[in-house]
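J.: Residue numbering for the sequence shown is 6 to 449, as defined by the UniProt record's numbering.
Got a structure for you, written out below as structure tokens; questions coming shortly.
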Amino acid sequence: TMAGIDPGGTPPTGAAELRALAVATLEGNWEHDHTVPSRTLYPHQWSWDSAFIALGWAHLRPDRAWRELRTLFAAQWADGRVPHIVFNPAARVGSYFPGPDFWDSAVADGAPAVATSGLVQPPVHALAAWLAYRRAPSATARSALRWLYPRLVAQQRYLTGARDVGGAGLAAIVHPWESGLDNSPAWDEPLAAVPADAAVLRAYRRHDTTHADAAHRPTDLDYARYVALVESYRAGRYRDEGLVGRHPFLVECPLVNTALGAAEHALAEIATVVGVDPGGHRERAGRITAALVERLYDPVTGTFHPRDLRTGRLVPARTALGLVPLLLPDLPAGQVEAVLTEARSPRFGLAARMDRPLPSHDRTAPDFEPLRYWRGPSWLNLGWLLWQGLRTHGRPELAAGLAASMTALVATAGCHEYFHPDTGAGLGSPRFGWTAALLLDVLA
Ligand code: 9WN
């Protein structure tokens, strides 16, 4: 490890030591041409992890930032989708479930030679690429942007084209894994419509619960539905035509669609660097933000919610997903104020001096679970997205308060995957890539 820091040892407190811990964590997870989210739980390349991780590398080894994104986008499908997992053929067989055999990406037209999943994750890559470039502009970075630009555009085209199931210019997700917040209470209602057959899961073996406490992970019932949803999508060879008639989970997610809009803003900046007219990106960004406000904002609750396309209704749960639209620079003033009110309420406790970490779910809700994954614990990527939004909308005191809280988490517990939302105790994997990467960005 670097600087004599043991990423699994006693966490340090000073900024220099914290930085060294983050560096050691990223170095330890680097795998030739990409970075694994964690050595224990996730032995392959994950899509949105790689975007956050690339931003972290931009602070240390910009060459690795671009390598990370190039490896991911080399696995992009012909239709433009960027798969949420790119399987490492060198990883131990059976080390992650569901693995490459289960996904069987070769059934799809236009899948790449390397094995991947068939789902997507929040498209935060254009934003990460832009911020990485701004952090370390160089001739190499410019040529990486030139390579990435058409691929990022194709990713947007896929999401706003084939995935526009609702017809309003937003992307629908076909699986909770696509939101990145797998078992968020946001998905309970739409998931209830997915047939859950315990026998489905008995045919497989989960691996996550051998590496992490089962009480901190999604339940077996959740997994039975996750598996059933992949089987449904795979049965249609991962095609998106006619999903309404045959697929039981179709939801517009505020995070995925915020990332989609933020990507158009970032693409406008990237376009300028690579010498393309940015106008189209600005226009599309405006349309996405308008659709997000129109379809996912509830004036009664004053926050954003997912829209279940099968029922046409907003999902009532008030999760951290509702805060993420603050990331959009063109979010109208009314929604900016509403999100700030929600974030500062006892539900989320954002403050210039935070007494507890930002939770992933409304901490006053009856289904808030402080230990279970996306149902309460604090995650650095959600904190980082909100932190960006606070800076974008000129709230430096709140941004500083959130940054201090995020930093304190790592200083106290180390680069954990997630943290107890009251005590800050480390949960999940102890050496987690995006925690390290985003901490580096917040400290910079
Ligand atoms: C399923 C890798 C990924 C993250 C997700 C997180 C978790 C996978 C899992 O790990 O999901 O994709 O097996 O639980 O929910 O956000 O990208 O870190």
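Don't be surprised by glycine CBs; every beta carbon is placed ideally from N, CA and C.
When DSSP labels each residue in this structure, what does ASP114 get in the three-state scheme?
T.: coil
J.: Per DSSP, what kind of secondary structure is HIS366 in: helix, strand or coil?
T.: strand
J.: Hey, would you say the C-beta of GLN340 is under 8 angstroms away from at least one heavy atom of the ligand NAP?
T.: For the structure depicted, the ligand NAP is absent and the ligand set comprises only the ligand 9WN.
J.: Which residues mark the beginning and the end of the alpha helix (DSSP H) in which PRO195 is found?
T.: 193-197
J.: With HIS60 as the anchor, note down where its alpha helix (DSSP H) starts and where it stops.
T.: For the record, residue 60 in the displayed sequence is Leu; it is not His. LEU60 -> alpha helix (DSSP H) spans 52-63.
J.: Could you tell me which residues DSSP pairs with ALA177 in its beta bridges?
T.: GLU257
J.: Put TYR302 into one of helix, strand or coil per three-state DSSP.
T.: strand
J.: I'd like the ranges of any alpha helix (DSSP H) spanning at least 4 consecutive residues and lying wholly in the region 89-175.
T.: 105-108, 130-140, 144-165
J.: Roughly how many whole angstroms lie between the Cα atoms of ARG315 and ALA197?
T.: Rounded to the nearest angstrom, the gap between the Cα atoms of ARG315 and ALA197 is 12 angstroms.
J.: How about ALA113 and GLY123: are their beta carbons less than 9 angstroms apart?
T.: yes
J.: Count the other C-beta atoms from every protein chain shown that fall within 10 angstroms of the C-beta of LEU355, then say buried if there are 16 or more, exposed otherwise.
T.: buried
J.: For ALA296 and LEU175, which I take to be in contact (beta-carbon distance under 8 angstroms), what is that distance rounded to the nearest angstrom?
T.: 5 angstroms
J.: Apart from the five residues on each side of it in sequence, which residues of its chain come closer than 7 angstroms, Cβ to Cβ, to ALA141?
T.: ALA63, PRO67
J.: Regarding SER52 and the ligand 9WN, is the C-beta to nearest heavy atom distance less than 8 angstroms?
T.: yes
J.: Can you say whether ALA449 is buried or exposed, counting buried as having 16 or more other CB atoms within 10 angstroms of its CB?
T.: Answer is exposed; the Cβ neighbour count stays below 16.
J.: Taking the alpha helix (DSSP H) that MET411 belongs to, which residues open and close that run?
T.: Counted as a single uninterrupted DSSP element, the alpha helix (DSSP H) harbouring MET411 occupies residues 401-418.
J.: Apart from the five residues on each side of it in sequence, which residues of its chain come closer than 8 angstroms, Cβ to Cβ, to VAL278?
T.: Around VAL278: TYR138, ARG147, LEU150.
J.: Is DSSP giving ARG72 helix, strand or coil here?
T.: helix
J.: Determine the direct distance from the alpha carbon of ASP187 to that of THR306, and round the result to whole angstroms.
T.: 23 angstroms
J.: Have a look at residue 456 and HIS398 and give me their C-alpha separation to the nearest angstrom.
T.: This structure cannot settle anything about residue 456, because the visible part of the chain is limited to 6 through 449.
J.: Using DSSP with H/G/I as helix, E/B as strand and the rest coil, what is LEU272?
T.: helix
J.: Please report the straight-line C-alpha distance between ALA59 and MET411, rounded to a whole angstrom.
T.: Cα to Cα, the separation comes out at about 19 angstroms.
J.: Suppose the cutoff is 8 angstroms on Cβ atoms and the five residues either side in sequence are ignored; what does the same chain contact list for HIS286 look like?
T.: GLU269, HIS270, LEU272, ALA273, ALA276
J.: How about THR121 and PHE92: are their beta carbons less than 9 angstroms apart?
T.: yes
J.: Give me the Cα-Cα distance between PRO117 and VAL87, rounded to the nearest whole angstrom.
T.: 10 angstroms
J.: Please report how far the alpha carbon of ARG387 lies from the alpha carbon of ARG97, in whole angstroms.
T.: The sequence given here has Leu at residue 387, not Arg. When rounded, the distance between both Cα atoms is 31 angstroms.
J.: On the criterion of 16 or more Cβ atoms from any shown chain inside 10 Å, does ALA325 qualify as buried, or is it exposed?
T.: buried
J.: What does the Cβ neighbour count give for SER189, buried or exposed, with the cut at 16 atoms within 10 Å?
T.: Flag for SER189 reads buried.
J.: Alpha carbon to alpha carbon, how far is ALA267 from LEU132? Give it in angstroms, no decimals.
T.: 7 angstroms
J.: How many whole angstroms separate the CB atoms of ASP362 and LEU414, which I take to be in contact at a CB cut-off of 8 angstroms?
T.: It is Pro, not Asp, that sits at residue 362 in the sequence shown. That belief holds up - the Cβ atoms of PRO362 and LEU414 are roughly 6 angstroms apart, short of 8 angstroms.
J.: In the DSSP output, what is ARG312 paired with across the bridge?
T.: ARG312 pairs with GLU257, LEU319.
J.: How is the alpha helix (DSSP H) around ASN34 delimited, first residue to last?
T.: 20-34
J.: In the structure shown, what three-state DSSP assignment does TYR47 receive?
T.: strand
J.: What does DSSP give as the partner residues of SER383 in its beta bridges?
T.: PHE424
J.: How would you call LEU226, buried or exposed, if buried means at least 16 neighbouring beta carbons within 10 angstroms?
T.: exposed
J.: Below 9 angstroms between beta carbons: does that hold for ASN262 and LEU301?
T.: Taking a C-beta distance under 9 angstroms as the contact criterion, ASN262 and LEU301 qualify as a contact pair.
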